[in-house]
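Written out below as structure tokens is the structure these notes cover.
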Amino acid sequence: MNKELFSKKNLMPVAVLSVICIAVALLLGVANLITAPEIERRNNEAIFESLRIVIPDGEFNPEPDPLRDDAPETVKKVYTEKTGKGTVIILETTKGYTGKAIGITTAIDNDGKIINTVITKNEESIVPPSLKPMGTYGDAYKDATADTVADVETGATVRYTEAAIKGALKDAFTYLGVGGEEVEKLPRTDAELKELITADGWLAPGAELENITPEEKSETLKRLYKLSDGSFAAYIVTATQYVPVETEALVHIDEDGSVMAIKKLSWVVGHGPENDPPAPDESQVNEFFGSFVGKDTAGIDGIDVTNGATGTSTHLRDAVKDAVDTAVPPLPRSDSELSLLIAELAPDTAFEIIAPEEKSETLKRLYKLSDGSFMAYIVTATQYVPVETEALVHIDADGSVIAIKKLSWVVGHGPENDPPAPDESQVNEFFGSFVGKDTAGIDGIDVTNGATGTSTHLRDAVKNAVDIAVPPLPRSNSELLGLAEQLMPNAQGFENVTPEGSKLLKRLYKDVGGNGYVAYLNTFAQYGGTLESETLIAIDNNGKIIAVKNLFWKVGHGPESNPPAPNEAEVAEFFGDFVGKKERDLSSVVIAGATGTASNVRAAILEALEAVPAKESQAARVIGIVLLTLSAAAGAVYVVRRKLV
22 MNKELFSKKN LMPVAVLSVI CIAVALLLGV ANLITAPEIE RRNNEAIFES LRIVIPDGEF
82 NPEPDPLRDD APETVKKVYT EKTGKGTVII LETTKGYTGK AIGITTAIDN DGKIINTVIT
142 KNEESIVPPS LKPMGTYGDA YKDATADTVA DVETGATVRY TEAAIKGALK DAFTYLGVGG
202 EEVEKLPRTD AELKELITAD GWLAPGAELE NITPEEKSET LKRLYKLSDG SFAAYIVTAT
262 QYVPVETEAL VHIDEDGSVM AIKKLSWVVG HGPENDPPAP DESQVNEFFG SFVGKDTAGI
322 DGIDVTNGAT GTSTHLRDAV KDAVDTAVPP LPRSDSELSL LIAELAPDTA FEIIAPEEKS
382 ETLKRLYKLS DGSFMAYIVT ATQYVPVETE ALVHIDADGS VIAIKKLSWV VGHGPENDPP
442 APDESQVNEF FGSFVGKDTA GIDGIDVTNG ATGTSTHLRD AVKNAVDIAV PPLPRSNSEL
502 LGLAEQLMPN AQGFENVTPE GSKLLKRLYK DVGGNGYVAY LNTFAQYGGT LESETLIAID
562 NNGKIIAVKN LFWKVGHGPE SNPPAPNEAE VAEFFGDFVG KKERDLSSVV IAGATGTASN
622 VRAAILEALE AVPAKESQAA RVIGIVLLTL SAAAGAVYVV RRKLV
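Residue numbers (my numbering): 22 to 666.
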């Protein structure tokens, strides 16, 4: 044994240090006994001061509520306001910029909205005024919910600290069980995405942006917004096995499901330019992104992946297609496929998709052709199969069916049933029965025996499509043509030449035999849109009225008024006075007791006369030219004779 090891010389320093440590420990213990209550009192005072800030007139128990075992790490204490104003959550986060805890007190009402938030403790080295204890930072969170708290703009410059505070506030909502599902943590916030969308001009500054991200969606579609013009903006993110984010992009999609624009936010491939094949350069990547513009899902399928980035480009292509399908759920036929079918029915005719405000479940696409006609794609569904009937209906500008193409036809039973399902010739005959008919005629089409349900659905869908393409008037086109033939018996057939933008002139028919025009007019009363008058007039080629038929007449008061409303004979005389008159003579046609209705009728007739290309002035010009020519010739003869003499 080494005696020097335990010598007085060696043991003395150890003993002294031990005594010092024991003394310091005793002193710290005594200090803690003295100061701990004071520290706790100050902490409690700070907590209750923050309670009074977030709910100024709130009433609270001195002790917090018992904390549940499943409380998030950031939730430290919970106080329930006695009168039902809400709940206060005391939070601490250890995720500040310097890693030191940030104290937060937030009050949440019973509807899941933040009443107020205050910072109670912040020990970071550089603390802006808004983030200092009891500062104004939390004012920005008023009325925020679990779904919107991540998007609150606070103006804080330390984004990591701001994210930590938002995460703690989200934990408060989670603890209370309000606000629905967990907000997805994205590489970009909603505020950043809105700024990007606005900067690209997809959304006008200050315009509304609606988050319509569906609950059930793909992994790559992170946000789907509906813009004020009816288009969509999709934020897509694809992940790879090498890095958390492979590609980020914003895709602008029109309401018909075609890509209007695409913005590359990030692009990561697994290898560099030294590989074989080399990674694509910036121009190649931009060309690849540009190839999406103008394409729907069918077109996107045909986009070639980029050589040297096959994985990344394949992932992006799939993500864009999925985003388009989610924004505008695909139809049984794509627009590109329908375009080919339209080209078969109307060769060499340009067309555009139009989106009517009112659209039925069966009308899936409505196209307007350059010749003024329409093409409607209709789909009817049955309880047995997703698609019962698909058809493409060609509708003229008057609302009559020009042609109909059967794309699919499904009935619920077969030829062995009683009655048997119709055979192909019967089905074709049924489809052919629509040609030449307007909505009034479609109503009279008999359903097909053995396929009553399918044929009824198709008939209703075609009628609805015609009504939407050419909104029905108080009288159908077929009814008006019958009345026009009565008014102009010598007509050889009528052609609709109604000018665009007409208000009171609803139909203008031109006799193909050159006898003149027939105009259908109607006016609506100022007291609620009820029909006030319907009038049919025949006009010759010189702009003179040759016949008038009163179809409907309504005035705002009765025979007991002063002056009394005109009787039936007076009304007939009023309409008869228009016969033989031209545009300049209309002011002389009046009727007492119905000045408003009469004025509206005159205005409608004036609009019709102005729409008729009168030939009188042209004839006068011709006569004038002839007279001038004859006069010149006579003068020349006179001069020649004088010279001869």
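No residue lacks a Cβ here, since even glycine has one placed at the ideal position from N, Cα and C. Since this is a predicted model, take the numbers as computed values, not measurements.
Item                                                                                                                                   : Value
For E237, three-class secondary structure by DSSP                                                                                      : coil
C-alpha distance - Y118 paired with T182, whole-angstrom precision                                                                     : Any reading at Y118 is ruled out, since the residue's pLDDT is 46, under 50, leaving its predicted position unreliable.
Residue interval of the beta strand (DSSP E) (run including E269)                                                                      : T268 to I274
Boundaries (first-last residue) of the beta strand (DSSP E) holding K243                                                               : L242 to L248
Closest Cα partner of E304 within the set K285, A319 and A593                                                                          : Looking at the sequence provided, one finds Ser at residue 304 rather than Glu. Of the listed residues, the one whose Cα sits closest to S304 is K285.
Helix, strand or coil at N485 [DSSP, three-state]                                                                                      : helix
Contacting residues, own chain, Cβ-Cβ under 7 angstroms from L501 (five flanking each side not counted)                                : R528 and Y541
Member of A161, V199, T138 and N143 whose CA lies at the smallest distance from the CA of D168                                         : V199
Residue closest to E555, alpha-carbon to alpha-carbon, out of A220, K570, N563 and L271                                                : K570
Among K103, E113 and G79, nearest to E94 - alpha-carbon criterion                                                                      : E113
Contact set for G462: own chain, Cβ-Cβ below 7 angstroms, skip 5 residues either direction                                             : S499
Range of the contiguous beta strand (DSSP E) that encloses E229                                                                        : From DSSP, E229 is part of no beta strand (DSSP E); its letter is neither H nor E.
Backbone CA spacing between P492 and A212 [nearest angstrom]                                                                           : 42 angstroms
Burial state of L337 (16 or more Cβ within 10 Å)                                                                                       : buried
Alpha-carbon to alpha-carbon, D343 and T394                                                                                            : According to the sequence as given, residue 394 is Ser; it is not Thr. About 33 angstroms.
Every unbroken beta strand (DSSP E) within the region 77-111, with a cutoff of 3 residues, ordered by chain                            : 96-101
Distance CB(I374)-CB(V345) smaller than 8 angstroms                                                                                    : no
Supposed close pair W288, A254 - CB separation, criterion 8 angstroms                                                                  : Between A254 and W288 the Cβ distance is about 19 angstroms, and since that is not below 8 angstroms, they are no contact.
Entirely enclosed alpha helix (DSSP H) segments - the region 279-325, minimum 4 residues                                               : 303-311 and 318-322
Assigned secondary structure, N588 (DSSP; H/G/I helix, E/B strand, else coil)                                                          : coil
contact_flag[the region 307-315, the region 236-248] where n(CB pairs < 8 angstroms) is 3 or more                                      : no
Given D369 as reference, the closest of S360, I558 and A376 once Cα atoms are compared                                                 : S360
Among Q447, H478 and V139, nearest to N470 - alpha-carbon criterion                                                                    : Q447
C-beta contact flag for V75 and A128 at 8 angstroms                                                                                    : yes
Contacts around E80, its chain only, beta-carbon distance under 7 angstroms, and the 5 residues preceding and following it disregarded : E102, K103 and T104
Length-filtered (4 minimum) alpha helix (DSSP H) runs lying within the region 485-568                                                  : 498-508
Neighbour-count burial assignment, D356, 16 or more Cβ in a 10 Å radius                                                                : buried
Environment of D192 [buried if 16+ CB atoms lie within 10 Å]                                                                           : buried
Rounded C-alpha distance that separates N543 from P350                                                                                 : 41 angstroms
Beta-carbon proximity of V109 to Y196, cut-off 8 angstroms                                                                             : no
Coil, strand or helix - A641 by DSSP                                                                                                   : Below a pLDDT of 50, predicted positions are generally treated as unreliable, and A641, at 47, falls in that range; no measurement from the model is reported.
Cβ-heavy atom distance, S391 to the ligand SAM, below 7 angstroms                                                                      : This structure simply doesn't include the ligand SAM, nor any ligand for that matter.
Straight-line Cα distance separating P87 from D164                                                                                     : 26 angstroms
For H415, the first and last residue of its enclosing alpha helix (DSSP H)                                                             : Looking at the DSSP string, H415 is not in any alpha helix (DSSP H); the run it does join, the beta strand (DSSP E), is T410 to I416.
First through last residue of the alpha helix (DSSP H) which encompasses E445                                                          : E445 to G453
Per DSSP, the bridge partner or partners of W430                                                                                       : T410
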